[in-house]
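Participant:
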Amino acid sequence: MAGSYNHIVLVGRLTKNPEIRYIQSGNAVTSFSIAVNRRSKQGDEAMFVDCVAWNGQSRKLADICNDYLKKGMTVLVDGRLAIREYTNKDGEKRKATEVVVNDMQMLDSKNAGGTNGGGSYGGGDRDYASSKAGSGTTDDAEAAVEDEIPF
């Protein structure tokens, strides 16, 4: 096998309104969770997936997600899977699995739920390694996320 590949595309509904926060460098990150259905012989099963969207050098995906996404909306997220480790308040080591969003598309129609759905927005960095080398903000952002509790 030649190398590895980390790419994920999911379609689901937001379980709550997104939450935006700012790290020490001033960069914005928006967190949200989507419910993705999986059909099986026993019936539908819901899987809940945490997602994070960052403001990049020229893209404002965190701001867009915070401004336009609302609980119950159907959204397509395209990104990469990330596992971060952190220590909780009790001093226990924990891991969090989340999707780092590169692109997002609202799939609800204009009339559904009063949203302006149907939009597509690019965010995140397509080439993570090269963006990391060219910008100090990505290092700061990743370091800040590793130090923070995910809830």
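So for the sequence shown, the working numbering puts the first residue at 103; every next one is plus one. We put the beta carbon where it would ideally sit given N, CA and C, even for glycine.
#1: I think Asn204 touches Asp169, with their Cβ atoms under 8 Å apart; what is that distance to the nearest whole Å?
#2: With DSSP collapsed to three states, give me the class of Tyr188.
#3: Where in the region 138-188 do unbroken runs of the beta strand (DSSP E), each at least 3 residues long, occur, reported from the N-terminal end onward?
#4: If we ignore side chains and look at the alpha-carbon of each, how far apart do Ile166 and Arg196 end up?
#5: Could you tell me the distance, in whole angstroms, from the CA atom of Ser211 to the CA atom of Asp192?
#6: Using CA coordinates, which residue listed in Ser142, Val154 and Val138 is at the minimum distance from Ala148?
#7: Which residue or residues does DSSP assign as beta-bridge partners of Ala198?
#8: By the three-class DSSP mapping on this structure, what secondary structure does Trp136 have?
#9: With a cut-off of 8 Å on the beta carbons, I'd call Leu116 and Phe134 a contact; round off their distance for me.
#10: From the DSSP secondary-structure annotation, give me the bridge partner or partners of Gly128.
#11: Suppose contacts are defined by Cβ-Cβ distances below 8 Å. Is Leu178 in contact with Pro120 by that definition?
#12: Leaving out five residues on either side along the sequence, give the residues of the same chain with a beta carbon under 6 Å from the beta carbon of Lys173.
#13: To the nearest angstrom, how far is it from the Cα of Gly216 to the Cα of Ile122?
#14: Whole angstroms are fine: how far does the CA of Leu112 sit from the CA of Arg140?
Facilitator: This is what the structure gives:
#1: Rounded, the Cβ-Cβ distance is 18 Å, inconsistent with contact.
#2: Residue state, collapsed to three classes: strand.
#3: With a minimum length of 3 residues, the continuous beta strand (DSSP E) runs that stay inside the region 138-188 are 145-156.
#4: Distance between Ile166 and Arg196, taken at the CA atoms: about 29 Å.
#5: Rounded to the nearest angstrom, the two C-alpha atoms are 45 Å apart.
#6: For Ala148, the nearest C-alpha among the options comes from Val138.
#7: Beta-bridge partners assigned by DSSP to Ala198: Arg186.
#8: Note that residue 136 corresponds to Ile in the displayed sequence, not to Trp. It is a strand residue.
#9: That pair is a contact at about 6 Å.
#10: The partner list for Gly128 (beta bridge, DSSP) is empty, contrary to what the question assumes.
#11: In this structure, Leu178 lies away from Pro120, with their beta-carbon atoms at least 8 Å apart.
#12: The residues are Leu116, Lys118 and Asn119.
#13: In this predicted model, Gly216 has a pLDDT of only 45, less than 50, meaning its place in the structure is not dependable; the value taken from the coordinates is given anyway. Between Gly216 and Ile122, the alpha-carbon positions lie close to 22 Å from each other.
#14: For Arg140 and Leu112, the gap between their C-alpha atoms comes out near 11 Å.
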